[in-house]
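Q:
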Amino acid sequence: MRADFFSRTILSGRLAALTLIALAATGCKTEKGPDQPTLVGAPAPTAYLGVEYYYNWGAYGGESILDYSLVNAPSWLALEDTSNKARQGIIMRGVPGLSGGNRGDADLGKHENIEILGTDGRMAGFLPFDIEVKRNVLSVEPSEFTEGESLKLETQEENACAMPDLKSAGQHTFDLNIYDENGELDTVKTITRTTRRVLAKVELDQPSVTQIVVAFQLDSDFNPDNCDASFSKPHQRCEYSTSNTGRAIVGQDIVIRGSDSAAPADKNGKVLSYLKYDENVYDKGVLILEPGITECYIPLEVVDDNIPESNELANIRLTEVRKGIAALGSNDTEVKAGITIVDNEPVVSVQTLNGGNKDAINADADPGAGIEGSLTNYKAVLTGERDGPVSVRFSEQGEGAGARLGVQYEIVGPDDVTVSELTFPVDKNEIEFSLRGISYDVDPDDGFDDLFLHLSVDDAYQAGREGYARGEADTLLRVNLNRLIAPQIFTDFTPTDIELGHDNRLFVAGYTDTDIEVRIFDQAGGILQTMTVAPGTTNTDVYIHAADRLDTTVTPRVTYHELAVGFSAPGAIGGEDVHMALYRFKEVPPAPGAYEFVWEHEVGSKSDDFVRWIGLGSEGSKPLVILAGDTTGDWGDQNVSGSSDVFLVEIEEKDGAPSQKAVRLIGSSRTDVLVGGGFNASTPVLFGNAQVTIDGSGSVGPFFASGRATSALKPVQVGADQSELLKHGVFGAGSAWLVGDAQGISYSITEVEDEDNELTRDYDLNSPAGFVWGFSTAGVPNAAYQVNDYADTSKETLSRSVLFDGDVVVAGNTNGQLKKRSESATDNDGVLARRSSEDDAAYRHWGKQLPYNMTFLDLANFRDDEVLALVEVAGIRQLLVFSPEGKLLTPIAP
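Residue numbering for the sequence shown follows the working numbering, beginning at 259 and increasing consecutively.
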């Protein structure tokens, strides 16, 4: 910048005198004089203790070579003795903390309004600037290493120490505590294990002008005195207690230098001179950074033991700067970085024979009843390298599962002997074993659910023991213990719909000879409550939906458990009307509580209206009941397009009473029927069939539509052949799943570049087959599956579906053999199948044939553990339970 002396309000005496000289000179001349001296440059605003600060100023102007000086400068900063004779300018330099009196930390801080002055003796110019002095910080980079693996090096910085050679292995000898079966200390064994050299990277923010010597320490939060409750040293539950889980043992898991390892050297075999160790000490040393070095290394050694461990954490600390000026972190108190050690022991997983990690079994079930017995086979699979036999000890995980090994379950080994652990021989990485359900001792506090087991590795037992495998996950296998092991039939009651509510209560809706009822059961089939919904009404399908509603308008917030019931029956409006009732759960301590009637309502057209689906939502803090079905009449200002349309009606609560909020009709010019419904978040999604196009696309048959009754519904019609009949539909995970059957058509998804996927139809089947289509809300197909007999000669139909653990389970019928090994159909056998868009694993893609003349009326998902089915066999309606892989767990009557 150019300095203007008239612009300053405060001048030193020397600068004022120079100004007067300059003014006098210019007043005597008639021609233009030389430019006033001007300083040019912008020095760095930050300097560091122990690091050279350097700047080369530029200047111009004046009648002769300028003389320079610093005003208000810190003691460590100075100008060189001579100026640049070749051009105007001068060099400014210094080392905070060292030059100007070795003041150390006293040089820290910000120095403001430093001025550099240039003058030719007659005129002068100056430039102010600020410098803040900071600490030169040492840091250590966090790192992760795997036992038995050499570290792969990254690109090295220029100003770095020589890189240690990390390829060679070392050895370390240490004492290992050996514990007996009960965890008591049995003996101490001295063992020697191979180590792999790794390193911790130490960085200095700026290159120092002096040598930096810093001490380092390897440690962890491991504390052998931190025992689990009720245990005391010496015990396995102290050295490997809960509080010590994930803490590396320095001297056993990791060391600075192995007891039998050579001194670290560079790639040419030259011992590293920047490291100093104390004799017979494996956890500390000294690191030397020569002047100009900003990156250096602390070699470490990870012990390759045979003990299964979770990831373990150690710390590398810089504890003291013994020489030079450098800071331990920004506050000069401590530098600490985490070192994660990843175990390399073999890993065990437990799977169903089809590869699944979830199952359901029975306890005390009679295999003669035609269902799965209490003994079920699984496989344990070992992966990873090993030197000899490897074992795994099992237990149940946590305290909340309910079921216990040795109480409700037991493990049966290959020789039909109860065991607690399995051993993999050297030549075998897969072992089959069994789980047997022993009993179902239900504690009254267990509630209405089935108990389940999280089969896990017994980490508490295996901790510190050599020759065991780690678990692939905290839970290796989830196994549900089915409680409904006796036939659940309905003789005085005709159920039409099932639903699971809070605490997994099972709601069954239907009718008797005189009334419409909803019966509530626990998972063992025990009756909890019977509600008479409509006295005097019978012989009609009843639909239900249970949901929780959170009222945020009150403090504290309240969650309501509610149940909506819908059905069609002759009413006061005309023909078959839509009837609904709302129930709400009420706590009745000390009893388990009950659902109580809230209100009922009737709506409809003057013609027939048939309910096919009901849903529960909320409107602000109030409940909202949504019903859908078919109507043959005009409904208010909504007119029927053909013989029948699909309707959607919303019933809101006003002043404690129900009121029709809105109704919406959608349909074609012919007969349209609804086959199911669901929710996309809070928006209803309806599934139906239309004989002709309803959306103007030219498509026919199956469609789905989403929206609220308060606005226009958005239909997406996806059928292309008159034989394609939609029977059911569900919505979940962003997809609308359409389930039905067609004559002689196979389906696939064709990807089209730069365009949406297409649902491709090939007319290459010889028989009717079931289809499962997945569509996005925009109508783009993303999945297409078939359910067809192996020979393609019989008829398969699908009529029901339910979402299950991210997949879709469908049910229907066949009059042939679904698989080659299936028995021939008795007449119209039941079919249950699962399809997944995630992967093609066998446990997620299967089909089961049930040799009974069976009609599926409804499916329900019991917490992704079981599929519940309401079926009719030989005129008897009953409940069946299936495992995640389709095993029948409940006897079929008669």
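Built from N, CA and C at the ideal position, the CB exists for glycine as well.
#1: How about R1038 and V997: are their beta carbons less than 7 Å apart?
#2: Give the straight-line distance between the Cα atoms of T552 and R451, rounded to the nearest whole angstrom.
#3: Need the endpoints of the beta strand (DSSP E) that D806 sits in, please.
#4: For R644, which residues in the same chain have their Cβ closer than 6 Å to its Cβ, ignoring the five residues on either side in sequence?
#5: Here's the rule I'm using: 16 or more other beta-carbon atoms within 10 Å means buried, otherwise exposed. How should K1145 be labelled?
#6: Could you round the C-beta distance between V467 and G308 to whole angstroms and report it? I think they count as a contact, below 8 Å.
#7: Give every residue of the same chain whose Cβ lies closer than 6 Å to the Cβ of E567, excluding the five residues on either side of it in the sequence, and list them in chain order.
#8: Are the beta-carbon atoms of T503 and D486 separated by less than 7 Å?
#9: Give a yes or no on whether the C-beta atoms belonging to A839 and V823 are separated by under 7 Å.
#10: Would you give the residue range spanned by the beta strand (DSSP E) that D835 belongs to?
#11: Need the endpoints of the alpha helix (DSSP H) that Q469 sits in, please.
#12: Can you tell me where the beta strand (DSSP E) with R644 in it begins and where it stops?
#13: I'd like to know whether the C-beta atoms of S865 and G891 end up nearer to each other than 7 Å.
#14: Check K287 in the structure and name its three-state DSSP category.
#15: Going residue by residue through the region 479-512, where are the continuous beta strand (DSSP E) segments of at least 3 residues, counting only ones entirely within it?
#16: Tell me, which residues are paired with S876 by DSSP?
#17: Applying the criterion that 16 or more other CB atoms from any shown protein chain within 10 Å of the CB defines a buried residue, is R1102 buried or exposed?
#18: Can you find the residues in the same chain that come closer than 7 Å, C-beta to C-beta, to D590, ignoring five residues on each side of it along the sequence?
#19: With A621 and S607 assumed to form a contact (beta carbons below 8 Å), what rounded beta-carbon distance in angstroms separates them?
#20: Using the Cα positions of L276 and G383, report the straight-line distance between them to the nearest angstrom.
#21: According to DSSP, which residues form a beta bridge with M350?
#22: Of all the options D479, D806, L786, L385, which has the alpha carbon lying nearest to the alpha carbon of R842?
#23: Y1005 lies in the beta strand (DSSP E); which residues open and close that run?
#24: Where DSSP assigns a beta bridge to F765, which residues make up the other side?
#25: Could you please give the first and the last residue of the uninterrupted beta strand (DSSP E) stretch that includes D438?
#26: Count the other C-beta atoms from every protein chain shown that fall within 10 angstroms of the C-beta of A886, then say buried if there are 16 or more, exposed otherwise.
#27: For Y1005, is the classification buried or exposed, using 16 other Cβ atoms within 10 angstroms of its Cβ as the cut-off for buried?
#28: If you draw a straight line from the C-alpha of D483 to the C-alpha of P354, how long is it?
#29: For A317, does the count of other Cβ atoms within 10 angstroms reach 16, so buried, or fall short, so exposed?
#30: Alpha carbon to alpha carbon, how far is A305 from M381?
#31: Does DSSP put Y1101 in a helix, a strand or coil?
#32: Using 10 angstroms around the beta-carbon of E338, count the other beta-carbons present and answer buried if the total reaches 16, otherwise exposed.
#33: Cutting at 8 Å between CB atoms, please list the residues of its own chain near G925, excluding the five before and the five after it.
#34: Does the distance from the CB of Q1107 to the CB of L1056 come in under 7 Å?
#35: Pull up the DSSP beta-bridge partners for Q1001, would you.
#36: Once the 5 residues before and after T284 are set aside, which same chain residues still bring their CB inside 8 Å of it?
A: Let me spell this out:
#1: The amino acid at residue 1038 is misidentified as Arg; the sequence shows Val. No, the pair does not count as a contact, with Cβ atoms beyond the cut-off.
#2: 34 Å
#3: 800-809
#4: P604
#5: buried
#6: 6 Å
#7: D601
#8: no
#9: yes
#10: 834-846
#11: No alpha helix (DSSP H) contains Q469, which DSSP labels as neither H nor E.
#12: That residue, R644, is in no beta strand (DSSP E); it is neither H nor E in DSSP.
#13: yes
#14: Per-residue confidence for K287 stands at a pLDDT of 47, beneath the threshold of 50, marking its modelled position as unreliable; the derived number appears in the next sentence. If DSSP states are grouped into helix, strand and coil, K287 belongs with coil.
#15: none
#16: P881
#17: buried
#18: R393
#19: Their Cβ separation, rounded to whole angstroms, is 25 Å, which puts A621 and S607 out of contact at 8 Å.
#20: With a pLDDT of 40 at L276, under the threshold of 50, the predicted position of this residue should be treated as unreliable, and no value is reported.
#21: Y313, L337
#22: D806
#23: 1004-1008
#24: E757, I778
#25: Where D438 is concerned, there is no enclosing beta strand (DSSP E), given that its DSSP letter is neither H nor E.
#26: buried
#27: buried
#28: 47 Å
#29: buried
#30: 31 Å
#31: helix
#32: exposed
#33: V898, S899, G900, S902, D903, V904, A948, I952
#34: no
#35: P1026
#36: Interpretation of T284 is limited by its pLDDT of 45, a score under 50 that renders its predicted location unreliable; the figure taken from the coordinates is listed afterwards. Answer for T284: G291, listed in chain order.
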